[in-house]
Ligand code: DC
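Numbering (the working numbering), first residue to last: 9 to 247.
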């Protein structure tokens, strides 16, 4: 079973996807893995930085992406077998990731990769919680359970500001808000794979909600849909 979580930057998708996969595994007795698809685009950007690509020539980054091995598994990102989980979150990589995410040829490669990861997991009897911008719309439009997790830009900026303070770093709330608004605009106006609320997705606005509340609400929705799927199967058994 595939569960998709889409939403804008800073909505808490990664944390929620990890916790939801963990809880679904514990409660269903079936292993659910989670996939952070943003880290795949980040890995391509890291490669571009290392190989000093000309960012204005889209084909250079595409050729690098075609020949790279990118593996994302339960929170670890491997680029040509090197663990780059921490490196892909650096500000330099974050700044350049748009060149990977906005490149239609690279999106095709990443979408293929995401589908083949899902297929392998399903073949082994596992489930997947996958998060990004286009998972419920373009990559897995037929997923039985889809979420759109969002919060107002102001709320997401406040959370980012608090995170920075907690890790002893300086931040300027207005600047953070400006950057979040810019990323929202870029994510929603991308020509291929733009951020959109998927059809049939449950929308969760997480302002004033804890991570636990969000996961709890998602879990209830998953159970309800699973029950419906089971009773449909019972009433209409496959021939
Ligand atoms: O979720 P994140 O901040 O790690 O994502 C990094 C970038 O990749 C961000 O600019 C949005 C983009 N992205 C995308 O276009 N499609 C996805 N499925 C996931 C992320």
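All residues carry an ideal CB built from backbone N, CA and C; glycine is no exception. Predicted model only: the values in this text are computed from it and were never measured.
Drop a sphere of 10 angstroms on the beta-carbon of residue i, count the other beta-carbons inside from all chains shown, and report buried for 16 or more, exposed for fewer.
i	result
residue 41	buried
residue 236	exposed
residue 120	exposed
residue 59	exposed
residue 65	exposed
residue 239	exposed
Between residue i and the ligand DC, is the CB less than 7 Å from at least one heavy atom?
i	result
residue 192	no
residue 19	no
residue 144	no
residue 42	no
residue 83	no
residue 201	yes
residue 158	no
residue 56	no
residue 47	yes
residue 140	yes
residue 195	yes
residue 189	no
residue 105	yes
residue 204	no
residue 50	yes
How big is the Cα-Cα spacing for residue i and residue j?
i	j	result
residue 136	residue 144	13 Å
residue 29	residue 91	22 Å
residue 123	residue 45	11 Å
residue 86	residue 190	28 Å
residue 141	residue 195	8 Å
residue 83	residue 243	38 Å
Which whole-angstrom value is the C-beta distance of residue i and residue j, which I expect to be below 8 Å?
i	j	result
residue 205	residue 156	5 Å
residue 164	residue 105	Not really, about 17 Å apart at Cβ, beyond 8 Å.
residue 43	residue 223	Their Cβ separation, rounded to whole angstroms, is 17 Å, which puts residue 43 and residue 223 out of contact at 8 Å.
Is it the case that the segment 161-174 contacts the segment 9-20, given that we only count it when at least three CB pairs across the two stretches are under 8 Å?
yes
Between the segment 132-151 and the segment 52-59, can you find at least three pairs of beta-carbon atoms closer than 8 Å?
The segment 52-59 is not in contact with the segment 132-151.
Determine, using beta-carbon pairs with one atom in the segment 105-115 and one in the segment 69-88, whether at least three such pairs fall under 8 Å.
yes
Does the segment 29-41 come close enough to the segment 126-140 that 3 or more CB-CB pairs lie under 8 Å?
yes
How do the segment 88-101 and the segment 172-192 stand: do at least 3 beta-carbon pairs fall below 8 Å, yes or no?
no
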